[in-house]
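Asker:
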Amino acid sequence: MAAFELEARGVVKRYGALLANDHVDLAVERGEIHAVMGENGAGKSTLMSILYGLQRPDEGAVLLRGAEVHFRSALDAIAHGMGMVHQAFKLFNSLTVWENIVYAREPRRGPFVDRRAARQSVAALAERHRLNVDPDAVVTKLSVGVRQRIEILKALYREAQILILDEPTAVLTPQERDGLFEVMRHLAAGGRTILFVTHKLNEVMAVTDRVTVLRDGRVVDRMRTSETSPREIIRAMTGRSVNLKVDKAPARIGAPALEAVDLAIAAPGGKPTVDKVSFAVHAGEIVGIAGVAGNGQSELVEALVGLRPADGGSVKVAGRDVTAADVAERRAAGIAYIPEDRAAVGAALGANAADNLAMGFHRSAPIGHGALIDRKAMGAKARALIPKFGIKIAGERSLVGSLSGGNLQKVVAARELSHEAPALIAEQPTRGLDVGATEFIHSQLIAERDKGRAILMISAELSEILALSDRILVMYEGRILADVSAEEASEETLGLLMAGREPVAA
Amino acid sequence: MSARAADRDGRPRLRAPPAAVALLFAALVGGALILASGANPLLAYYQILVGSLGWGALPDTLNWATPLVGMTLVAAIPLRGGMINLGGDGQMVIGALVAAAVAVYLPAPGPIAAIVALIAAGIAAGLYAALAAWGETRHGIPMLISSLLMSYPAIGVVSYIVRFPLRDTTTGLPQTSMIPESARLPTIAGPLNVGLLIIVAVAALVVFVDRATIVGYELRLRGVNKRFAGYGGVRLDAQATRVMFASGAIAGLVGAIIVLGSQFRFIDETFLTPSYTWSGLMAALLAGGEPVGAIAAGVFFAALQTGGFAMQRETSIPRVLTLVLQSIVILFLAVRHSVGRRA
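Chains A and B are the protein sequences, given in the same order. Every letter in the first sequence is one number past the one before it in our numbering, and letter 67, counting from 1, is 632. Every letter in the second sequence is one number past the one before it in our numbering, and letter 47, counting from 1, is 52.
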C-alpha cells in the first residue's frame, strides 16, 4: 500500500470531561483536496491544531508519508513541510508583500537582507503558482482576498507540501472565492496536498476530491465528493436531515419602521466610513445589506442603534426622529438589536443567563420597580425564554460563558426578540453557527417578519442574504451601490457590486 | 477549542475555594519565615489570634476595621464595575480636613456641626474623585492614573492648609484646633464610637444596592462586560462619574470619622501611615469587587493587623510579619488566577 501523504491514526484529545477528538482516523492522499467538515464543536479545529503541531494528542499518532512524527510546535510542523492559513491573518500590515513572505527566511548577502533576490524569488513564486500579487505593495492597502494569497505564498515559500486552509472563504467575495478555488486546484495538480476545513456545502462540492465528516469528535463518514450529495453530507454532519431552503410567504409590507436619511460617519483624514446613506425598512419585510466586511456596515449599524454619534443625517424609528437619542432611548423607541459580536458585545460571558436575558429590560416593569430590581421576575423571564428558544443550559443561574456559539446566539436572539420593538437589526446573525443553529435563527427571523416586524439584516454571507431578504442593499466603501429586490438579485450581480463594480446595464 | 470546553458539560470542577488555599499557603510560608528567624510560628499565630479576636482585643479590631472596611468599600465599588480608584488617600484627607474645619468653625450646635461635617466631607471628597472620572470620559485620561496622581496634590495642599491657615498656633505640631466635645462622634463603649455604626450602615447600603437595585445590576454587568452594558443602554460615562463620586464620598466619610471620632482634630501625616487605602484596595481585589467578600476580607485584614500589634508586644516578632502574610495571600491568589486562565 502506498503511504498516505498525511495520516492521523486513532487520535484522542480530551479537555477535562469533554472528548474533543475520539479516535479520529484521517487519511489524505498526495495531491488531493480533502475537506474536513463538521458542525461547531465537532472537533475540526482540535484535529487541525494537532496535525499542525499546536497541540499534542493524548493518544494516537500522526504519520507523514508513512513515518510517525511528533511535532513539538508549529515550527516543527513547518520544517516538515506543513503550512496553515488561519482565519485571522498573521501579517505585518505596514510592511510590503515580499517582506512578509520572506520574513525569518530572508535570502542574505553577508549580514544584510538581499532585497533584490528576495523580491525576485517572491515574484517568481507568485508567477509559478498563479497567485497574482505585487511584491512591493504594502499590506494595509490590499484587499482581504489578496492578503489571503500572501498567507498562501508564505507557506509555499517555506516549501509547504501540505496546506491546511481553515475556513478560508469566510471573508471573501464570491469572485475572490472562485479565484481561491482556482489556486487550490492548481496547487493540487502540482502535487501539493490541501486540507480544507469548512462548513459550507457548496464549496465542498465545488472544489474537493474527498470529504471526511466529524461529529461529536468522531469520524462519522468518509465520502468521495463525486459520489455524494449535499443532503448526504448534511445528514452525516447533523445526524438528521435539515431543510436547506428557507420557506417564506410573500412579504406583507407596512409602514416604514426604521429610516436612515443621509446618514454619514466621517473618517479622520480620509473617505467617510459611511457616506450619506439613506434607506427605509418597512414593517413586514427583511432588508438585507450585503457587502464584504469592513465597508462601513458595522459603523452604520452603530450609528443606527446609538452606539456611535453620526456626523450627519438622521435616524427615524417608527416615524420618530431619534437622532439625538442615546442607546436606551432608541431601544425604548423601538429598536431591538442582535449585534455582530455576540461574545464581546451581545452578552456578558461572566454573568448568568438571567442577567444576560434581563439587559435592556431591567429598568421597566416587571423587572424594574422604581430603583429596585425584582430578581424573581428576572428569573421568571429567563425560565420562560430558555425553553422557548431551546437554549441548552443547565439553568438560569448558569454562566453563559460556557455555552457554544449557537446557544449563546440563541440567548442573544431570545432577549432581542422578546423586545417587542417595531424594528430589529440583525448583524451577522448566523456567523460561525452550524447548520442546525443557522436553520433555527433563520426560521425565527422569518417568523418575526411575518408578525410584521421590520428587519434589517447585515450579512457577509451572500447565501443568507439571498435566502432571507425581500430587498437587498449592497454596501461598498461606505455607500449603498444598489437597492434590488430579491427576485432580481443573483450571486453574480451582487458579487460584482460587493467588489465595487457599478451594475452594467443588463 | 479553548479551555472553556472543559466545563461545557456544566459540571463545575472540584476545586478548593481559592481564598482558603491562598490563606493556607500564606500561613505555611509565613510560618517558615518565622521559623527561619528562630521563633515559634505556632506561638506567633496564637498571639495574632488572641490579640485580634480575643474578648479584650475585639474592640481594638473593630476600631481598626472601621476605616479599613470603609476604604475597602472605596476600592470595591468602582472595582465592581471594572474601574479602579487609586486616589483613596487624597480623597480621605480632603474629607478629614473638611470635617475638621466644619466642626471647629461652623457656628452651630455640636451634633448639627458633626452631621454637617460628615456630609460636607463626603461631598467634597466625592466631587474630587468624580473629577478623575470626568477626566477619563471627557479627555481620555485613564482613571487608574489620574485618580492616583490627583491624590498627591490633594495631600500636599491639605498639608499646607493644616500647617499655615488652619494651624493651631498654641501647639508646635502641624494640626488644627481641637473640635469642641459636643461635635465629636459619641462613644459606644471603650474605644468604639458611632463611626463604627456609620460604616456598618454604609456597608449594608452598598450590599443592598449591589444586590437589589438597578444601579447595582448595571454596575455589576459593566464589570463583567463594559461593551455589553453600553449595548444594553447603560449610560457609561454618567455611571463612571456617579460611581467615583460614591467611592470618593465614602473615602471622605472615613477621613471625617477618624477626625470626629478618634483624633478630634486634623493632625497632618497621621492618615496615611496606617495605609488603610492600600489594605482596602487589596481586600477589594481579593474579592474581585464583590462587596460581601470584600468587606469580609477587610475585616480579616483588620484582625490580622491588630493581631500583629499583639504579637509584637508578646513575642520578639515584628508586626511587619502580618503585612507580609497579607501580601502572600494576594500573591497566591494572583498566581492562581493567571494559571487558571492559561490552562
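From the three backbone atoms N, C-alpha and C, an ideal C-beta is built for every residue, glycine too. Fair warning: this is a prediction, and the values are worked out from it, not measured in the lab.
For E747 (chain A), which of A:G581, A:I932 and A:A771 has the nearest alpha-carbon?
Answerer: Comparing Cα-Cα distances from E747 (chain A) to each of A:G581, A:I932 and A:A771, the minimum goes to A:A771.
Asker: Per DSSP, what kind of secondary structure is T661 (chain A) in: helix, strand or coil?
Answerer: The answer is strand: DSSP assigns T661 (chain A) an E or B state.
Asker: Quick one, are the C-beta atoms of I900 (chain A) and V870 (chain A) less than 8 angstroms apart?
Answerer: Taking 8 angstroms as the Cβ cut-off, I900 (chain A) and V870 (chain A) qualify as a contacting pair.
Asker: Could you check whether L210 (chain B) and A126 (chain B) sit closer than 8 angstroms to each other, using their CB atoms as the reference points?
Answerer: Cβ atoms of A126 (chain B) and L210 (chain B): not closer than 8 angstroms.
Asker: Excluding sequence positions up to five away, which residues of its chain have a Cβ less than 6 angstroms from the Cβ of D12 (chain B)?
Answerer: Low confidence applies here, because D12 (chain B) scores a pLDDT of 38, under 50, leaving its location unreliable; read the following figure in that light. Closer than 6 angstroms at the Cβ level, and outside the excluded window around D12 (chain B), lies no residue.
Asker: Taking 8 angstroms as the cut-off, decide whether the C-beta atoms of V762 (chain A) and T790 (chain A) are in contact.
Answerer: Result no, Cβ atoms of V762 (chain A) and T790 (chain A) do not sit closer than 8 angstroms.
Asker: Please compile the residues from chain B whose C-beta is within a distance smaller than 9 angstroms of the C-beta of D920 (chain A).
Answerer: Those are Y222, R225, L226 and V229, listed as they occur along chain B.
Asker: Going by DSSP in three states, G575 (chain A) sits in which element: helix, strand or coil?
Answerer: Looking at G575 (chain A) - three-state DSSP - the assignment turns out to be strand.
Asker: G631 (chain A) CB to nearest chain B CB: under 8 angstroms?
Answerer: No, because no Cβ of chain B sits closer than 8 angstroms to the Cβ of G631 (chain A).
Asker: Can you list the residues of chain A that T218 (chain B) reaches, using a CB-CB cut of under 7 angstroms?
Answerer: Ordered by position in chain A, the residues that pass the 7 angstroms Cβ test against T218 (chain B) are A936, L937 and I938.
Asker: Any C-beta of chain B sitting closer than 8 angstroms to the C-beta of P904 (chain A)?
Answerer: With 8 angstroms as the cut-off, P904 (chain A) counts as an interface residue toward chain B.
Asker: Kindly list the residues whose CB is nearer than 6 angstroms to the CB of P196 (chain B), restricted to its own chain and excluding five residues on each side of it in sequence; keep chain order.
Answerer: Same-chain partners within the cutoff: P64 and N68.
Asker: State whether the segment 720-738 of chain A contacts the segment 642-650 of chain A, with contact taken as three or more CB pairs (one from each stretch) at a distance under 8 angstroms.
Answerer: Yes: the two stretches touch, three or more of their Cβ pairs being nearer than 8 angstroms.
Asker: Given that L616 (chain A) touches chain B, what residues does it touch there, using C-beta distances under 8 angstroms?
Answerer: Those do not exist, as L616 (chain A) stays about 13 angstroms from chain B at its closest Cβ, beyond 8 angstroms.
Asker: Given P739 (chain A), which residues of its chain have a CB within under 7 angstroms of its CB, disregarding the five upstream and five downstream residues?
Answerer: Excluding positions up to five away in sequence, the list reads L1027, E1056 and G1060.
Asker: Below 8 angstroms between beta carbons: does that hold for Q798 (chain A) and M602 (chain A)?
Answerer: Per the sequence shown, the amino acid found at residue 798 (chain A) is Ile instead of Gln. Yes, the Cβ-Cβ distance between I798 (chain A) and M602 (chain A) is below 8 angstroms.
Asker: G603 (chain A) lies in the alpha helix (DSSP H); which residues open and close that run?
Answerer: It is not in any alpha helix (DSSP H) - G603 (chain A) instead sits in the beta strand (DSSP E) that spans I598 to G603.
Asker: Have a look at A582 (chain A) and R962 (chain A) and give me their C-alpha separation to the nearest angstrom.
Answerer: Going from the Cα of A582 (chain A) to the Cα of R962 (chain A) covers about 21 angstroms.
Asker: DSSP state of A725 (chain A), grouped into three classes?
Answerer: Correct three-state label for A725 (chain A): coil.
Asker: If you follow the beta strand (DSSP E) that R990 (chain A) is in, where does it begin and where does it stop?
Answerer: Contrary to the premise, residue 990 (chain A) reads as Ile rather than Arg in this sequence. That run of the beta strand (DSSP E) goes A988 to E992.
Asker: Hey, G1043 (chain A) and V839 (chain A): beta-carbon distance below 8 angstroms or not?
Answerer: Yes, Cβ-Cβ distance for G1043 (chain A) and V839 (chain A) is below 8 angstroms.
Asker: Is the shortest distance between the beta-carbon of G87 (chain B) and the beta-carbons of chain A less than 8 angstroms?
Answerer: It does not: the Cβ of G87 (chain B) has no partner Cβ on chain A nearer than 8 angstroms.
Asker: So with Cβ pairs under 8 angstroms, would you call G916 (chain A) a contact of chain B?
Answerer: Going by the sequence as given, residue 916 (chain A) is Ala instead of Gly. Yes, A916 (chain A) lies at the interface with chain B (some Cβ there is under 8 angstroms from its Cβ).
Asker: For chain A, find out if any of its Cβ atoms is closer than 8 angstroms to the Cβ of F233 (chain B); answer yes or no.
Answerer: Chain A contact via Cβ: present.
Asker: Between A:V842, A:D812, A:A832 and A:G835, which lies nearest to V826 (chain A) when the distance is taken from Cα to Cα?
Answerer: Closest option to V826 (chain A), Cα to Cα, is A:V842.
Asker: Listed from N- to C-terminal order along the chain, which residues in the segment 875-901 of chain A have their beta-carbon within a distance smaller than 9 angstroms of any beta-carbon of chain B?
Answerer: Residues passing the 9 angstroms Cβ filter: D891, V892, A893, E894, R895, R896 and A897.
Asker: Who are the neighbours of R240 (chain B) on chain A, taking C-beta pairs under 9 angstroms?
Answerer: Residues of chain A passing the Cβ test: D891, V892 and A893.
Asker: Listed in chain order, which residues of the segment 237-264 of chain B have Cβ atoms closer than 8 angstroms to some Cβ of chain A?
Answerer: Those residues of the segment 237-264 of chain B that come within reach of chain A (Cβ to Cβ, closer than 8 angstroms) are G237, G238, V239 and R240.
Asker: What residues of chain B sit near G933 (chain A), judged by a beta carbon separation below 7 angstroms?
Answerer: Residues of chain B passing the Cβ test: I219.
Asker: Could you compute how far the alpha carbon of R143 (chain B) sits from the alpha carbon of G971 (chain A)?
Answerer: Each residue's Cα considered, the two are about 38 angstroms apart.
Asker: Does the distance from the C-beta atom of P72 (chain B) to that of Y281 (chain B) stay below 8 angstroms?
Answerer: Taking 8 angstroms as the Cβ cut-off, P72 (chain B) and Y281 (chain B) qualify as a contacting pair.
Asker: Once the 5 residues before and after V977 (chain A) are set aside, which same chain residues still bring their CB inside 7 angstroms of it?
Answerer: Hits under 7 angstroms: I903, R907, G911 and A912.
Asker: When you compare each of A:Q620, A:P622 and A:E594 to R630 (chain A) by their alpha carbons, which one comes out closest?
Answerer: Ranking A:Q620, A:P622 and A:E594 by Cα distance to R630 (chain A) puts A:E594 first.
Asker: Identify which residue in B:L54, B:V167, B:V205 and B:M76 has its Cα closest to the Cα of L290 (chain B).
Answerer: Comparing Cα-Cα distances from L290 (chain B) to each of B:L54, B:V167, B:V205 and B:M76, the minimum goes to B:M76.
Asker: Answer with yes or no whether the minimum CB distance from A1070 (chain A) to chain B is below 8 angstroms.
Answerer: For A1070 (chain A), the pLDDT reaches just 46, beneath the cut-off of 50, and the residue's location in the model is therefore unreliable, although a value from the coordinates is still provided. Chain B contact via Cβ: absent.
Asker: How big is the Cα-Cα spacing for A44 (chain B) and V325 (chain B)?
Answerer: Taking the straight line from one Cα to the other gives about 15 angstroms.
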